[in-house]
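Peer 1: Here's a structure for you.
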Amino acid sequence: MTSPTNPEVLPLLTAWEPSRPRLTWYGDDGERVELSGRVLRNWVVKAANLLVAECDAGPGTAVRLDLPAHWRLLVWALAVRAAGAEVLLGDDGGDPVVVVTDHPERWSGGAVEVVAVPLPALARAWPGDLPAGALDGAADLMGQPDEPMFAASGPAGARTTGAPGARVLLEAHDPAALLERAWACWREDGSVVVVTPREDDAVATIREQEGAVAEDPLRGR
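Right, dumping it as structure tokens:
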């Protein structure tokens, strides 16, 4: 999965009422995370700054996201796009220069820059020891500036009306499908409610609670 060169991701996240939710997550363990457009932008900026400053990421850099279908995947995918780099997922071809992963041991000893990302929302540092040379995608991220250290330009076809789009419920079955649907929703000024797979009744309850007005057309794939 490739991304256009240096897309301007950040205005898409704060195009309408920056305090309203853009990303809501329901995990298997009962964890609920909600990020407004403003807060999501802040996370993305910090992650992109880390990639640029510590990994020399930019246009032409291939970054593999070795992460499950999770809200952290979405944050880091947006960061890679904001930095102008190329997103690689799953079986995508290409030789990554940087790997963002929740399993850094898979990549230790290789010739790639490794960013280790803990998945729990309250994690402020990687739990335990990191492989030599790996960056801490929690602690090192929080030390990054809140404003971009990179330039960006606007993507073709982005909505510019400023009116909020749909609040869409997405089930986190597959990283590539989740990223595709979330990106499409954000480009239409929408917000996403992401849930790990669960019983239909539980999904329906969350959808009603969150005011999601559309179901994921890729559900069940």
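Taken in order, the sequence shown gives residues -18 to 202; the numbers are from the working numbering.
C-beta: ideal position from N, C-alpha, C; glycine also.
Treat the numbers as computed from the prediction; the structure is a model and nothing was measured.
Can you check which of these residues, G171, D37, R1, is closest to V208 by C-alpha distance?
Peer 2: Because the chain in this structure spans residues -18 to 202, residue 208 falls outside the shown range and cannot be described.
Peer 1: Measuring CA to CA, which of A29, G8, A(-4), L16 is closest to D127?
Peer 2: The option with the nearest alpha carbon to D127 is A29.
Peer 1: How long is the line joining the alpha carbons of D47 and G118, rounded to whole angstroms?
Peer 2: Between D47 and G118, the C-alpha separation is close to 13 Å.
Peer 1: In three-state DSSP terms, what is R45?
Peer 2: In this structure, R45 counts as strand in the three-state DSSP scheme.
Peer 1: Could you check the C-alpha separation between E35 and R22 for me, to the nearest Å?
Peer 2: Looking at the two C-alpha atoms, the distance is approximately 20 Å.
Peer 1: On the three-state DSSP scale, how would you describe A66?
Peer 2: Three-state DSSP puts A66 in coil, outside helix and strand.
Peer 1: Which partner residues of E15 appear in the DSSP bridge assignment?
Peer 2: Looking at the DSSP assignment, E15 forms a beta bridge with T5.
Peer 1: Do the stretch 10 to 19 and the stretch -9 to 2 meet, that is, are 3 or more Cβ pairs less than 8 Å apart?
Peer 2: Yes, since at least three Cβ pairs between the stretch 10 to 19 and the stretch -9 to 2 fall closer than 8 Å, the two stretches touch.
Peer 1: Mind reading off the beta-carbon distance from A115 to A97? Whole number of angstroms is fine, and I expect it under 8 Å.
Peer 2: Confirmed, Cβ separation roughly 5 Å.
Peer 1: Pull up the CB-CB distance for G39 and A60, whole angstroms please, since I reckon it's below 8 Å.
Peer 2: With 8 Å as the limit, G39 and A60 do not qualify as a contact, their Cβ atoms being about 12 Å apart.
Peer 1: Spell out the partners DSSP gives L97 in its beta bridges.
Peer 2: In the sequence as presented, Leu is not what sits at residue 97; that position holds Ala. In the DSSP output, where bridge partners are listed per residue, A97 has T82, D117.
Peer 1: Suppose contacts are defined by Cβ-Cβ distances below 9 Å. Is L32 in contact with V79 by that definition?
Peer 2: Yes, the Cβ-Cβ distance between L32 and V79 is below 9 Å.
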